[in-house]
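Report on the following structure.
Protein chains: 2
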Amino acid sequence: MQRILIDMDDVLADASQGILDIYNSHYGTAYVKSDFENTNLWDGEVKPKYENVRFRLFESGFFRNLKPKEGGIETVKKLQEKYEIFIVSAAMEFPNSLKEKHEWLAEHMPFIHWKNMVLCGDKSVVAGDYMIDDHEKNLVSFKGTSLLFDAIHNQSTEGFERYKTWNQIAEKLL
Amino acid sequence: MQRILIDMDDVLADASQGILDIYNSHYGTAYVKSDFENTNLWDGEVKPKYENVRFRLFESGFFRNLKPKEGGIETVKKLQEKYEIFIVSAAMEFPNSLKEKHEWLAEHMPFIHWKNMVLCGDKSVVAGDYMIDDHEKNLVSFKGTSLLFDAIHNQSTEGFERYKTWNQIAEKLL
Chain A
1 MQRILIDMDD VLADASQGIL DIYNSHYGTA YVKSDFENTN LWDGEVKPKY ENVRFRLFES
61 GFFRNLKPKE GGIETVKKLQ EKYEIFIVSA AMEFPNSLKE KHEWLAEHMP FIHWKNMVLC
121 GDKSVVAGDY MIDDHEKNLV SFKGTSLLFD AIHNQSTEGF ERYKTWNQIA EKLL
Chain B
1001 MQRILIDMDD VLADASQGIL DIYNSHYGTA YVKSDFENTN LWDGEVKPKY ENVRFRLFES
1061 GFFRNLKPKE GGIETVKKLQ EKYEIFIVSA AMEFPNSLKE KHEWLAEHMP FIHWKNMVLC
1121 GDKSVVAGDY MIDDHEKNLV SFKGTSLLFD AIHNQSTEGF ERYKTWNQIA EKLL
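Top line first, the protein sequences correspond to chains A and B.
Residue numbering for the first sequence follows the numbering used here, beginning at 1 and increasing consecutively.
Residue numbering for the second sequence follows the numbering used here, beginning at 1001 and increasing consecutively.
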C-alpha cells in the first residue's frame, strides 16, 4: 500500500484564516483572503504589523480552533481506503500546539489512528510515496511525489504540481 | 552526514524506573530493576497489578519527571558532531506527554533543536541510517541499521545487536 503524508496547517486546517482573524481583531481591519491573491500574505505594508501579533500563534487555543479546509476531511477518508495515510505536521516550534493538534485530529478526523500522526520539526525525516504540503521547504527534500497545496503564501513557489482544492487532490489520487 | 534516530523512553529517559516508582508507591513494594533481570518486567504475578496502575502513565508529570539514563545525554552530544541526530518518540498514545517530552528535551538536551524532534505513533514513517530503540516493533520495519537498547522488557528480543549501555553505543558509533 502506498503511503501519503499530509500536512495540517493550510492543507487540512485553515491556518491562514486563523492568522487573518487575529490580525483583523487586533487592528480593526477586515481583510479577507482574496485581498492577498497573487501576493505573499504578510509582505508589504502589513508585514511589520503582522510581526507584532505573531506571538499569538504560540498561545493556547490557536491551533485547536482552526476551521477545517473545504473538502479535506472527506477526501482523506476516501484516500484512506486506498493508501496508508500519515498526518505530518511541523509543530515543534509551537509547544502548545502539540496536544491541540492531537485533539484537533481526534475531533475532526477520528478515523485517523494516533499511530498515524506525526508532529515534527524538519520533515526531511519522514518518508512516503506522496507528500501534500503548502511549503516548498518541506517538499524539496521529499523523495516521493510532491504535491503543492495552494496557499496565499506560496504563490511564487514553482517546480511542483499545484493543487488549488481537495477536489483536485481527489482527482489525482483516487 | 549520516542520520541517527534516537528513542526517548528507556533509551534517553528512564521510563522503567518511573513505572517502578509508581508501582512501588501504589502497592508499598520495594522492587528494583535488578529484581526483573532475565524476565519481562510486568509478566507473572505483578502483571494484573500493573494493569491497575497503568492509567497513571497518562497523567500530567509522568514523562516530564523521568530521570535521564546514565551516559545518554553526553553521548548524544558527541554523536551530534559526527551525525545528524533526530530524537524520535512514539508519544501519540499519551497526549499529555507531547508537551512534556518537548520540555524534557529542552531541559536535559538543549543542544537538540526543535527541528530535530519527532513525536509520532508508528515509527515506520521515519527514515535514517541508524535507529537506537528498545522496542522490536520499531526496529523491525527500519531500513537502516537497528541498535537494540537493552531494557528489562526486551530480554527475549532477538535478531538485533544489543547495547547494554550508552558507552557501548559510543564505542560503536564514535
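We put the CB at the ideal spot given by N, CA and C, even for glycine.
- With contacts defined as CB atoms closer than 7 angstroms, Leu1139(B) and Phe1086(B) fail to qualify as a contacting pair.
- Closer than 8 angstroms at the C-beta level to chain A, one finds these residues of the stretch 1066-1089 of chain B: Phe1086, Val1088.
- Using a Cβ-Cβ cut-off of 7 angstroms, Lys99(A) counts as an interface residue toward chain B, since at least one Cβ of chain B sits closer than that to its own.
- Taking a C-beta distance under 7 angstroms as the contact criterion, Asp1014(B) and Lys1069(B) qualify as a contact pair.
- Distances from the alpha-carbon of Asp150(A) to those of Asp7(A), Arg3(A), Met1(A), Gln2(A) put Asp7(A) closest.
- Per DSSP, the beta bridge partners of Phe1149(B) are Tyr1163(B).
- Within a 10 Å sphere around the beta-carbon of Gly121(A) sit 16 or more other beta-carbons, which makes this residue buried.
- Under DSSP, the beta-bridge partners assigned to Leu5(A) are Phe86(A), Met131(A).
- Gly1072(B) sits away from Asn1167(B), with the two beta carbons spaced by 7 angstroms or more.
- For a Cβ distance threshold of 7 angstroms, nothing in chain B lies close to Glu59(A): the least Cβ distance comes to about 14 angstroms.
- Met117(A) places its beta carbon 7 angstroms or farther from that of Trp1114(B).
- Exclusion of the five residues before and after Gln2(A) leaves Tyr83, Asp129 as the residues of its chain whose Cβ lies within less than 6 angstroms of its Cβ.
- At a cut-off of 7 angstroms between C-beta atoms, Met117(A) counts as an interface residue with respect to chain B.
- The bridge partners DSSP lists for Pro1068(B) are Ala1013(B).
- Annotated as distal: Ile1152(B) and Ser1025(B), with beta-carbon spacing of 7 angstroms or more.
- A distance below 6 angstroms between beta-carbons, with the five flanking residues on each side excluded, links Lys1067(B) to the following residues of its chain, in chain order: Asp1014.
- Interface annotation, Glu1136(B): not in contact with chain A, CB-CB separation never under 7 angstroms.
- In the displayed model, Val32(A) falls within coil according to three-state DSSP, outside both helix and strand.
- Among the CB atoms of chain B, none fall inside 7 angstroms of the CB of Met109(A).
- With a beta-carbon spacing of about 5 angstroms, Val125(A) and Val1126(B) fall inside the 8 angstroms limit used to define contacts.
- C-alpha of Arg64(A) to C-alpha of Leu105(A): approximately 9 angstroms in a straight line.
- Closest by C-alpha distance to Glu1051(B), out of Glu1171(B), Ile1019(B), Phe1094(B), Val1088(B), is Ile1019(B).
- Proximity of Asp122(A) to chain B, defined by a Cβ-Cβ separation below 7 angstroms, is satisfied.
- Asp1035(B) counts as exposed, since fewer than 16 other C-beta atoms from the protein chains shown sit within 10 angstroms of its C-beta.
- Where Leu105(A) is concerned, there is no enclosing beta strand (DSSP E), although the alpha helix (DSSP H) around it starts and stops at 97-108.
- In the three-state DSSP reduction, Val53(A) falls in the helix class (H, G or I).
- Cβ contact annotation for Asp9(A) (same chain, cutoff 6 angstroms, sequence separation greater than five): Ala15, in chain order.
- At least one beta carbon of chain B lies nearer than 7 angstroms to the beta carbon of Trp114(A).
- Going by C-alpha positions, Ser1060(B) is about 40 angstroms away from Tyr31(A).
- Under the three-state reduction of DSSP, Leu139(A) is assigned to helix.
- Boundaries for Val1126(B): no beta strand (DSSP E) harbours it, and the DSSP string shows neither H nor E there.
- For His1102(B), the chain A residues whose C-beta falls within less than 8 angstroms of its own C-beta are Met92, Pro95, Leu98, listed in chain order.
- The beta-bridge partner set that DSSP reports for Leu1119(B) consists of Leu119(A), Ser1089(B).
- Under a 10 Å Cβ-count criterion, Lys47(A) is classified as exposed, with fewer than 16 other Cβ atoms of the shown protein chains found around its own Cβ.
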